[in-house]
Amino acid sequence: IERKDIRNIAIIAHVDHGKTTLVDQLLRQSGVFRENEVLQERVMDSNSIEKERGITILAKNTSIMYKDAKINIIDTPGHADFGGEVERIMKMVDGVLLLVDAKEGPMPQTRFVLKKALQQGLKSIVVVNKIDRPEASPHEVIDQVLDLYISLDASEDQMEFPIVYASAKNGFAKYELDEESDNMIPLFESIMENIPYPTGDEEDGLQLLISSIDYDKYTGRIGIGRIERGSITKGQQAVRIERDGKITQVKVANLYTFDGLNRVEGQDATVGDIVAISGIENLNIGDTICSVDKPEALDSIEIDEPTISMTFMVNDSPFAGKEGKFVTSRHLKDRLERELLSNVAMRLEEISTDSFRVLGRGELHISILIETMRREGYEFAVSRPEVIMKRTEEGLLEPIERLYVEVPEENASTVIDKISQRKGEMQNMEPVGDMMKLEFLIPARGLIGYRSEFLTDTKGYGVLHHLFEGFEKHKGEIKARNRGSLVAHETGTAVAYGLFNAQERGRIFIGPGVEVYEGMVVGESSRAEDIVVNVCKRKQMTNVRASGSDDALKLVPPVKLSLEQSLEFIGDDELVEVTPQSIRLRKKILD
Ligand code: GTP
2 IERKDIRNIA
12 IIAHVDHGKT
22 TLVDQLLRQS
32 GVFRENEVLQ
42 ERVMDSNSIE
52 KERGITILAK
62 NTSIMYKDAK
72 INIIDTPGHA
82 DFGGEVERIM
92 KMVDGVLLLV
102 DAKEGPMPQT
112 RFVLKKALQQ
122 GLKSIVVVNK
132 IDRPEASPHE
142 VIDQVLDLYI
152 SLDASEDQME
162 FPIVYASAKN
172 GFAKYELDEE
182 SDNMIPLFES
192 IMENIPYPTG
202 DEEDGLQLLI
212 SSIDYDKYTG
222 RIGIGRIERG
232 SITKGQQAVR
242 IERDGKITQV
252 KVANLYTFDG
262 LNRVEGQDAT
272 VGDIVAISGI
282 ENLNIGDTIC
292 SVDKPEALDS
302 IEIDEPTISM
312 TFMVNDSPFA
322 GKEGKFVTSR
332 HLKDRLEREL
342 LSNVAMRLEE
352 ISTDSFRVLG
362 RGELHISILI
372 ETMRREGYEF
382 AVSRPEVIMK
392 RTEEGLLEPI
402 ERLYVEVPEE
412 NASTVIDKIS
422 QRKGEMQNME
432 PVGDMMKLEF
442 LIPARGLIGY
452 RSEFLTDTKG
462 YGVLHHLFEG
472 FEKHKGEIKA
482 RNRGSLVAHE
492 TGTAVAYGLF
502 NAQERGRIFI
512 GPGVEVYEGM
522 VVGESSRAED
532 IVVNVCKRKQ
542 MTNVRASGSD
552 DALKLVPPVK
562 LSLEQSLEFI
572 GDDELVEVTP
582 QSIRLRKKIL
592 D
C-alpha cells in the first residue's frame with residue numbers, strides 16, 4: 002500500500018537554531034494542544050542535562066497531525082553518536098529537515114548527522130529559521146548550505162533541496178522571502194510534497210526492526226521501530242529474530258503509536274507506521290519482529306563495543322547522604338540496571354556488593370550518566386576512566402577509535418600536534434570552507450581527557466566524533482600534556498564533589514564524604530585554573546593541590562598572599578602559589 006497519510010522525518014539542527022521552538026510551533030498549529038492543555042516550554046529536550054550541555058542525546062518521537070496526515074518527527078542527537086544512534090534513526094525515516102539559523106548558517110556540528118542522512122539517500126528540506134532577526138542573511142546561508150551539500154557528496158537530486166524560510170518564534174513559514182505569511186502551512190505542505198510517503202505490502206508477513214529502546218516503569222522495556230512490511234495487532238503471536246540470528250516465539254502484549262508528545266495505546270498498525278511495543282522479554286535494538294509464518298530478519302544494526310569503563314561505588318563514609326537521597330548499594334544497582342534497558346551501548350558488571358563497573362563508548366558517554374544520576378539525587382563515588390583491554394595469544398590488545406575532527410583552519414596544527422602526542426595517526430586531511438577535516442586512528446586511551454582540551458583549543462568551534470575501529474596491539478605509553486590534576490594534600494575526608502565539571506572541562510573522581518589520602522588524584526581538568534576556582538567557590542576541600550604540566554599552569558598568575566586555604570599548583574618542575582586575590586579575580590571573570 003501507499004501510506005499517503007504518513008510522513009516520517011528526522012530533524013537535524015545545531016544547538017539553539019530553534020528546533021524546540023519549531024516543533025512546539027508545529028504542534029500548536031496542528032491543534033494538538035487543546036484549550037486547557039499547558040504547553041511545555043521545551044518539547045523535544047526533556048532531559049535537563051541535554052539542555053545544559055546543548056546536546057540532545059536521546060531520540061524522541063513527536064507526532065503531528067496535518068490535515069489527514071500524520072507527520073512523525075524524530076529528534077536526532079546533534080552531537081555525539083553513542084553506538085550508531087544516528088544510523089538507527091535514519092532507518093526509520095524517509096527524509097530530514099535541516100534546520101539552519103538565518104544568521105549563523107550551517108554549523109560543523111550538524112555535518113556528521115546530515116552526512117549519514119545523505120548517505121542513506123534521504124531527501125531533505127532546508128528550513129532557514131529566525132528570518133525575523135534583523136541580522137538575518139538567508140541568501141548567504143543558502144550558499145553555505147549548498148557548499149555543505151557539495152562537500153558531503155550529495156547526489157544531484159539531493160542538491161535540489163526545497164527551501165522554507167521560517168520564524169519559528171513568530172509562527173510563520175514561507176517559500177519566498179518576499180511572501181506574506183502568518184502560519185506554518187508552507188512547511189507542512191513542503192513536508193507533504195517533498196518527503197516520500199512510506200510504501201510496502203500490507204498483506205505480506207510482518208517485519209518491524211527495533212531501532213530504539215525506551216523504558217517505562219509500568220510496562221518495562223519498550224521497543225520502537227517502523228513497520229517495513231505487513232501489519233501488527235495488539236496481543237498477536239510473533240517471532241523475534243535477534244541480531245545473532247536467534248529465533249524465539251513472542252507475544253506483542255502492548256502496542257502503541259505516537260500522538261503529539263504522547264505514546265498512546267493502539268490496536269493495530271501497518272506498513273510505514275512508527276510504533277512502540279512492549280511485553281517482550283529482553284527486547285533489543287536490532288531485533289526484527291516478524292509474523293510467525295514468514296520469519297525474515299531485516300538488516301540488523303551494529304552497535305559499537307564499549308571501550309572505556311568507570312567504577313561506581315557506594316559512598317560509605319560518615320558524610321554519606323549529604324548530597325543525595327539515593328545512597329545505598331541497592332539504589333545504585335537498580336538505577337544502573339535500569340540505565341541498561343535503554344542505553345544500548347552501555348554494559349554493567351558487578352564487582353562487589355557495593356561497586357559496579359560501567360562500560361561505555363567513551364568518557365562523554367559515561368559522564369553524561371554520572372551527571373544525570375547526580376541530578377536525580379544519587380550519591381556515589383566514581384573511579385577514573387579506564388580503557389578496556391583484551392589479552393590474547395598475540396599479547397595485550399587495546400581498543401582503537403576512528404576519530405573524525407573538524408576544526409577552524411588556524412587551530413589545525415595545534416590539534417594535529419596534540420592528537421599525535423596522544424598516539425593518533427592521521428589518515429586523512431581535507432579543507433572544507435574555512436574548516437579543516439581530519440581523520441585519525443587513535444587508541445581509545447588517547448581520547449581520555451582530550452575532549453575538553455580540544456574544545457578549549459578550538460574555542461568551541463571544533464567538532465569531534467569517534468567510532469570504534471577494532472582491537473590492536475597496545476601502542477605504548479602516552480604522556481598526556483597540558484592537564485592538571487587535583488591531588489589531595491592531606492589524608493582526610495572530602496567535603497563535596499562536583500567541583501569543576503562545567504562544560505566538560507574537568508572532572509572529579511570522588512564523592513563527598515569519601516576518604517582521601519595524601520597524593521591521591523581526586524580529579525583532573527585540562528585547565529588547572531578551573532580546579533582552584535571551583536574549589537574556592539564552594540569552600541570545598543581545604544588543602545588540595547593541583548598539579549599539571551607547564552602549559553596548564555601558564556594560565557595561573559603567580560601572586561603571593563596569605564590565606565587560611567592554601568592551594569598550590571605544581572608544574573612539571575615548578576611550584577606556583579595561588580592566592581585568594583587571583584582566585585577572586587578569576588571567579589569574577591567566570592561568574
Ligand atoms: P537546543 O534545545 O539547545 O538544541 O536548542 P534548539 O535548537 O531547540 O533551540 P530553541 O528552540 O531552544 O531556540 C533557541 C533560541 O532561539 C530561543 O531563545 C528561541 O526563542 C530562539 N528562536 C527560535 N526560533 C526563533 C526565530 O524564528 N526567531 C528568533 N528571533 N528567535 C528564535
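Taking UniProt numbering, the leading residue of the sequence shown gets 2, the next gets one more, and so forth.
Positions of the beta carbon are idealized from the N, C-alpha and C atoms, including for glycine.
Within its own chain, the residues whose Cβ lies closer than 6 Å to the Cβ of Val408, once the five positions on either side in sequence are excluded, are Val416, Met437, Thr459, Gly463, listed in chain order.
Per DSSP, Phe455 is not a residue of any beta strand (DSSP E); the alpha helix (DSSP H) it occupies stretches across 451-458. The three-state secondary structure of Ala298, taken from DSSP, is coil. Using a cutoff of 6 Å, the CB of Arg264 does not count as near the ligand GTP, since none of the ligand's heavy atoms is closer than that. Annotation: Val251 to Val240 spans about 6 Å, alpha carbon to alpha carbon. The DSSP-derived three-state label of Lys252 is strand. In this model, Gln121 and Val433 are separated by some 21 Å (Cα to Cα).
Taking 3 residues as the shortest admissible run, the stretch 178-258 contains the following complete beta strand (DSSP E) segments, listed from N- to C-terminal end: 208-217, 221-230, 232-234, 238-242, 248-252. Between the ligand GTP and Gly172, a heavy atom-to-CB distance of less than 6 Å is absent. Comparing alpha-carbon positions, the option among Asp144, Pro135, Arg134 lying closest to Val127 turns out to be Asp144. Going by beta carbons, Asn130 and Ala169 fall inside the 7 Å limit. Gln428 carries a strand assignment under DSSP once its states are collapsed to helix, strand and coil. When DSSP reads this structure, Pro409 sits in a beta bridge with Met436. Using a C-beta cut-off of 8 Å, the stretch 357-367 makes contact with the stretch 300-317, since at least three inter-stretch Cβ pairs fall below that distance. Per the coordinates, the alpha-carbon of His466 lies some 29 Å from the alpha-carbon of Ile164. Pairwise C-beta distances place the stretch 22-30 out of contact with the stretch 110-119, as fewer than three of them are shorter than 8 Å.
For Val293, same chain residues with a beta-carbon under 8 Å away, outside a window of 5 residues either side, are Gln238, Ala239, Val240, Gln250 in chain order. Cβ-Cβ distances below 7 Å link Met160 to Tyr150 in the same chain, with the five nearest sequence neighbours on each side left out; the list follows chain order. Runs of the beta strand (DSSP E) lying entirely within the stretch 343-419, each at least 3 residues long, are 348-353, 356-361, 381-383, 391-393, 396-409 in chain order.
As the crow flies, the alpha-carbon of Glu470 is around 6 Å from that of Arg403.
Proximity to Lys124 across Val97, Ile132, Glu380, Lys116 peaks at Val97, based on C-alpha coordinates.
In the three-state DSSP reduction, Val142 falls in the helix class (H, G or I).
Pairwise C-beta distances place the stretch 261-273 out of contact with the stretch 335-348, as fewer than three of them are shorter than 8 Å. Contact between the stretch 175-188 and the stretch 252-260 is absent: fewer than 3 CB-CB pairs across the two stretches fall below 8 Å. By the criterion of a C-beta distance shorter than 7 Å, Phe381 is surrounded in its chain by Phe313, Met314, Val315, Asn316, Leu333, Gly512, once the five residues flanking it on both sides are discounted. As DSSP reads the structure, Asn263 sits in a beta bridge with Asp260. Taking 7 Å as the cut-off, the beta carbon of Gly226 is found closer than this to the beta carbon of Leu210.
For Arg8, DSSP records a beta bridge to Ile72. Annotation: Ala445 is outside any beta strand (DSSP E); the continuous alpha helix (DSSP H) that includes it extends over 445-448. No heavy atom of the ligand GTP is found nearer than 6 Å to the CB of Ser138. When DSSP states are grouped into helix, strand and coil, Leu284 belongs to the coil group.
Remark: the shortest separation between the CB of Thr329 and any heavy atom of the ligand GTP does not fall under 6 Å. Around Arg336, the same chain offers Phe327, Met374, Glu377, Tyr379 as residues with beta carbons nearer than 8 Å, after the five sequence neighbours per side are excluded. Inclusion of Glu426 and Leu448 in the CB contact set at 7 Å is not warranted, their separation being larger than that value.
With contacts defined as CB atoms closer than 7 Å, Ala174 and Ala137 fail to qualify as a contacting pair.
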